[in-house]
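Below is one structure; the comments refer to it alone.
Numbering (the UniProt record's numbering), first residue to last: 1 to 105.
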């Protein structure tokens with residue numbers, strides 16, 4: 001199947017953070033835009049998450065460890081691990097989740 005990201009409806013995750021999602025039988029892929037200053041509150045979920053920075057600068061705290069992610073950075077967030085973030089600039093991010101994020105459908 002072929003998708004055009006701009007034609008996928010956008011879902012607001014938090015103020016200044018929105019994503020467009022593709023779901024396969026086993027994964028969810030999110031194309032995320034984040035405005036500078038937006039805050040992703042601390043949370044966890046059953047899904048393993050791989051976050052890939054396309055552009056921007058993103059301060060992410062995973063299991064109490066804070067790191068700065070920039071274009072080309074990739075991080076893995078294990079299942080049920082608490083994480084949060086703050087956008088230090090406008091960002092474009094690709095998130096991949098396993099299993100499927102039913103709550104994002």
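Cβ coordinates follow ideal geometry from the N, Cα and C atoms, glycine included. All values derive from a computational prediction rather than experimental measurement.
Note on residue 63: under 16 other CB atoms within 10 angstroms of its CB, so exposed under the neighbour-count rule. For residue 33, the closest alpha carbon among the candidates 97, 90, 104, 98 is that of 90. Bounds of the beta strand (DSSP E) holding residue 41 are 39 to 43. For residue 24, no beta strand (DSSP E) run applies, since DSSP gives it neither H nor E. Looking at 58, 13, 92, 57, the one whose alpha-carbon comes closest to that of residue 101 is 13. Residue pairing by DSSP places residue 61 opposite 66, 84 in a beta bridge.
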